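In the UniProt record's numbering, the protein residues as written are 1 to 245.
Beta carbons: idealized from backbone N, C-alpha and C, even for Gly.
These numbers come from a predicted model, not from an experiment.
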């Protein structure tokens, strides 16, 4: 499977036991040609600068419309919309900051600059240091999925297929040994259990993951937010919307 764009964002409070891992996947209609990933990156940069995605109130309205269209909801959803908008806005801002055309003078200098580790025709890897005093870094891996848009959407609701999709390595050891849906929140949003096998001396690890997606088809954009669910947190949109998969 081609590389996935999978940034890890410590800005929203990464702890050793609670890792926020938002992901973004685009269905791009250009073929895989030499220099293709640069073209994909340029298209993504143009999309990220869209007025509807940069304006806070407009983005909030898009999120609200997306949630309301995904399921009939009879209840108070303002908190759901506010939290989802903040998560989405943070991710989009981080992706903008990795753009070659990003103007740091026009933004808050809260974070260090991105440092490039690898850049080729298939993917780009960058990282930046966290705020002063923080031991955590942000890792950004940019890639693409050469597939129809419905395949990209499946990332947010086909947890059972993760053992097939994610590559397995021997050295160091990494393998998804179990993945299953625990609860569905609404269309395109679910809570799943993911268990992985790691290299000795580490034992197997597992996490309860929250997956949700946001669609902006005007610019062929799909955002899939992935993060672990800490014990002290609940999922917005809980009872009575949750049901077993």
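Three-state secondary structure (DSSP) of residue i
{"i": "residue 206", "result": "strand"}
{"i": "residue 63", "result": "helix"}
{"i": "residue 132", "result": "coil"}
{"i": "residue 40", "result": "helix"}
{"i": "residue 141", "result": "strand"}
{"i": "residue 45", "result": "helix"}
{"i": "residue 93", "result": "helix"}
{"i": "residue 79", "result": "helix"}
Where residue i falls, given that 16 or more other Cβ within 10 Å makes a residue buried
{"i": "residue 211", "result": "buried"}
{"i": "residue 44", "result": "buried"}
{"i": "residue 206", "result": "exposed"}
{"i": "residue 98", "result": "buried"}
{"i": "residue 42", "result": "exposed"}
{"i": "residue 200", "result": "exposed"}
{"i": "residue 202", "result": "exposed"}
{"i": "residue 227", "result": "buried"}
{"i": "residue 186", "result": "buried"}
{"i": "residue 159", "result": "buried"}
{"i": "residue 217", "result": "exposed"}
{"i": "residue 13", "result": "The predicted model places residue 13 with a pLDDT of 31, which falls under 50 and marks its position as unreliable; any figure quoted below should be read in that light. Per the 10 Å Cβ criterion, exposed."}
{"i": "residue 84", "result": "buried"}
{"i": "residue 303", "result": "Outside the shown range of the chain, which is 1 to 245, sits residue 303, and nothing can be said about it."}
{"i": "residue 133", "result": "exposed"}
{"i": "residue 37", "result": "buried"}
Beta carbon proximity, residue i to chain D, threshold 8 Å
{"i": "residue 37", "result": "The chain labelled as chain D is not found in the depicted structure, where only one protein chain is given."}
Residue from the options whose Cα sits closest to the Cα of residue i
{"i": "residue 223", "options": "113, 48 and 69", "result": "48"}
{"i": "residue 126", "options": "133, 132 and 112", "result": "112"}
{"i": "residue 181", "options": "213, 70, 79 and 157", "result": "157"}
{"i": "residue 155", "options": "173, 209 and 114", "result": "209"}
{"i": "residue 204", "options": "85, 173, 216 and 219", "result": "173"}
{"i": "residue 57", "options": "153, 189, 88 and 170", "result": "88"}
{"i": "residue 220", "options": "153, 188 and 190", "result": "153"}
Quiz item: Counting Cβ pairs closer than 8 Å, one from the stretch 39 to 58 and one from the stretch 88 to 101, do we hit at least three?
Solution: yes
Quiz item: At a cut of 8 Å, does the stretch 157 to 172 reach the stretch 133 to 143 through at least three beta carbon pairs?
Solution: no
Quiz prompt | Three-pair Cβ contact test at 8 Å for the stretch 175 to 183 versus the stretch 195 to 206 | solution = yes
Quiz item: With contact counted as at least three CB pairs below 8 Å, one residue from each stretch, are the stretch 116 to 125 and the stretch 139 to 158 in contact?
Solution: yes
Practice problem: Please go through the stretch 148 to 224 and give each complete alpha helix (DSSP H) segment of 4 or more residues, from N-terminal end onward. | Solution: 149 to 153 and 162 to 165
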